[in-house]
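Positions 1 to 259 (the numbering used here) are the ones given, in order, by the sequence shown. Using N, Cα and C, we set each Cβ at its ideal position, and we do this for glycine too. Take a look at the structure below.
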Amino acid sequence: MDIENGNTDQHADPIEIIYEDEFLVAINKEAGLLVHRSWLDKGETRFALQLTRDAVGCHVYPVHRLDRPTSGVLLFAKSSAVARSLTEAFTERKVSKQYLAVVRGFMSEQGSIDYALSFKPDAIADKFADLDKPAQEAVTHWQRLAQIELPFAVSRKHDTSRYSLVRLTPETGRKHQLRRHMKHLFHPIVGDTSHGDGRHNRFFRTQYDCTRMLLHAQSLALSHPVTGESLVLKAELDDQWRNILEAFDWVKSAEYSSS
């Protein structure tokens, strides 16, 4: 079915709206859902932008991005003017973003990584992009919320396997920033098929039936672009995330609290 032309799939799950007023709408994007149409996935028929538009009954404008495998808070504007204002707020780092992730290994209690990221184009989506872009500043802060050591030898080098639950707060918004930063720190995000560790990804699939990347945009904090009101938009975790948290006794550790 063609959502863009109004022929939606009646059996598809509806979009989850977590906030709406006359200027904005925020959804809890499910893992695996594209934000909008892409040359990379010509066969897809479900997109966050079209689903949100159909749910609220008006055109919506994306103001930031979430990778396809990432779930969580995704914000749209209902007009081009509000979209410009929000885009400026993101660019000027006036929006606070917090993510939840499960990574390989024991991370330190807290820290920051300031590691510039070079432009890595997608073969199709970025075929006309400037490939000579200099590396861009990229800063991410982390806080370890919990950790666990499991009696499974996922790696041949170790008899056990270690994982950390972390809250990630990016200052910048570079492409795949959190995924690439965690890889650079040798703590790849579990389930990341592009920047992660295939052995641990397979272990989570077989042991815990977890088929998604464990990265979730848990909250956005910003000033409303029209009223100036302080907004904190939060997105709940899906079943696969909750299953992992329950299995590792991490439920309370994962609960959102502003830093």
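{"query": "Could you spell out the range, first to last residue, of the beta strand (DSSP E) harbouring V103?", "result": "96 to 104"}
{"query": "According to DSSP, which residues form a beta bridge with S230?", "result": "S223"}
{"query": "Please name the residue in K234, Q177, F204 whose C-alpha comes closest to that of A135.", "result": "Q177"}
{"query": "Below 8 Å on the Cβ atoms is my contact criterion, and I expect A89 with V82 to pass it. Report the Cβ-Cβ distance as a whole number of Å.", "result": "At roughly 10 Å, the Cβ-Cβ gap does not stay under 8 Å, so A89 and V82 are not in contact."}
{"query": "Since R144 and Q110 are thought to touch, with beta carbons under 8 Å apart, how far apart are those beta carbons, to the nearest angstrom?", "result": "7 Å"}
{"query": "Find the nearest neighbour of V25 within the set L34, A48, G32, L33, judged by alpha-carbon distance.", "result": "A48"}
{"query": "When you compare only the Cα positions, how much space is there between G228 and S85?", "result": "12 Å"}
{"query": "Can you say whether S98 is buried or exposed, counting buried as having 16 or more other CB atoms within 10 angstroms of its CB?", "result": "Per the sequence shown, residue 98 should be read as Gln rather than Ser. When all chains shown are included, Q98 counts as buried."}
{"query": "Is it true that the CB of A146 sits closer than 7 Å to the CB of R174?", "result": "no"}
{"query": "Can you look up Y208 in the DSSP assignment and give me helix, strand or coil?", "result": "helix"}
{"query": "Could you check if T206 is buried or exposed, using at least 16 other CB atoms within 10 Å of its CB as the buried criterion?", "result": "exposed"}
{"query": "Report yes if the CB atom of S79 is closer than 7 Å to the CB atom of E30, and no otherwise.", "result": "no"}
{"query": "Do the stretch 151 to 161 and the stretch 225 to 240 touch if we need at least three Cβ pairs shorter than 8 Å?", "result": "no"}
{"query": "In the DSSP assignment, find the unbroken alpha helix (DSSP H) run with D21 in it and report its ends.", "result": "No alpha helix (DSSP H) contains D21, which DSSP labels as neither H nor E."}
{"query": "Have a look at T211 and N201 and give me their C-alpha separation to the nearest angstrom.", "result": "8 Å"}
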